[in-house]
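**Q** After the structure tokens below, expect a handful of questions from me.
Numbering (this note's numbering), first residue to last: -11 to 292.
Given below as structure tokens:
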């Protein structure tokens, strides 16, 4: 579009819902709600716009827990928040949708993990959680019922269940490789598996600011991405590794008839979806670190 065409009343334009900046190209805007005209020019605008709602839902949960005497409830999922989120996205057990009189929608995604309830309150876009207002977990039925809002939405599980099975299979394969390098040997100097949960706070820093990122295809033809980073923990040098499954190369796609009917926009979305964390762990041993830093180096530099 030329400058002349852009500067006349016949040319369409679009406004960021937060900062109100003007854009002539719809592709410049980001959307986080299905069937909504709310578009944003950048992620900061999304955060600014939804921040009051985020605080509102946090306050609601706090009030609920006080009313139910659950302020100090201890819930053990046995996995990291990242793994819980990946399982919920891959195969939610329940989805609930609350619609107000302006047709604005809030979704509640629920997943049962190790007999506990993992809950995400969010907007939904392309049938997946988009902007997340609140994540929580509980063992109590009354707390769970509070998040069963509006109407229950049918859950499409045909592809999601396959994805969950792939994630579990690959997790088992990674554990087998760890066993091969004697991580769990009783005489090993490495960190015991039952202490891995104490290091889950390193998942985010590792993925956000990795020293190295590797990509490789496994024996099933699926693309795995490994994030590595070194840390000092209790005056001790360790490596932390996060191994993820890149969903735009899943062999299980061949199982889905939905792929055949995808539009070009859907295909672009499929190619840009987030990766799924499979397994993360700390290690003191260079031999274990070297075992998993394989494939093509995407980011960082080769280290000793």
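Where is the CB? At the ideal position from N, CA and C, for every residue including glycine.
1. Buried or exposed, going by whether 16 or more other CB atoms sit within 10 Å of the CB of residue 27?
2. Do you know offhand how far residue 36's Cα is from residue 6's?
3. Pull up the CB-CB distance for residue 263 and residue 158, whole angstroms please, since I reckon it's below 8 Å.
4. Tell me the rounded alpha-carbon separation between residue 201 and residue 218.
5. What are the boundary residues of the alpha helix (DSSP H) that residue 40 is part of?
6. Once you ignore the five residues that flank residue 95 on each side, which residues in its own chain have a CB closer than 6 Å to its CB?
7. Where DSSP assigns a beta bridge to residue 103, which residues make up the other side?
8. Which residue or residues does DSSP assign as beta-bridge partners of residue 298?
9. With the cut-off set at 8 Å, would you say residue 97 and residue 38 are in Cβ contact?
10. What's the gap between the Cα of residue 21 and the Cα of residue 88?
11. Just grab the DSSP bridge partners of residue 232 for me.
12. With H, G and I counted as helix, E and B as strand and the rest as coil, what does DSSP make of residue 272?
**A** On the basis of the supplied data:
1. Here residue 27 corresponds to residue number 39 of the chain shown, with the count starting at 1. Counting the other CB atoms within 10 Å of its CB gives residue 27 a total of 16 or more, which places it among the buried residues.
2. Indexing the chain shown from 1 puts residue 36 at position 48. Indexing the chain shown from 1 puts residue 6 at position 18. Approximately 7 Å, taken between the alpha carbons.
3. Position 275 of the chain shown, counted from the start, is the residue given in the question as residue 263. Position 170 of the chain shown, counted from the start, is the residue given in the question as residue 158. Between residue 263 and residue 158, the beta carbon gap of about 12 Å keeps them out of contact (Cβ cut-off 8 Å).
4. Taking the first residue of the chain shown as position 1, residue 201 is located at position 213. Taking the first residue of the chain shown as position 1, residue 218 is located at position 230. A straight line joining the alpha-carbon of residue 201 with that of residue 218 spans about 13 Å.
5. To locate residue 40, count along the chain shown from 1; it is residue 52. That run of the alpha helix (DSSP H) goes 31 to 55.
6. Counted from its first residue, the chain shown places residue 95 at position 107. Answer for residue 95: 85, 110, 112, listed in chain order.
7. Along the chain shown, one-based indexing puts residue 103 at 115. Bridge partners of residue 103: none, in fact.
8. In the structure as shown, the chain begins at -11 and stops at 292. Residue 298 is therefore absent and cannot be evaluated.
9. As a first step, residue 97 is located in the chain shown; it is residue number 109 there, counting from the start. As a first step, residue 38 is located in the chain shown; it is residue number 50 there, counting from the start. Remark: C-beta atoms of residue 97 and residue 38 do not approach each other more closely than 8 Å.
10. One-based indexing of the chain shown puts residue 21 at position 33. One-based indexing of the chain shown puts residue 88 at position 100. Spanning the two alpha carbons is a distance of roughly 14 Å.
11. On the chain shown, residue 232 is found 244 positions in, with the first residue counted as 1. Residue 232 pairs with 213, 265.
12. Counting from 1 along the chain shown, the entry for residue 272 is found at position 284. DSSP places residue 272 outside both helix and strand once states are collapsed to three, so it counts as coil.
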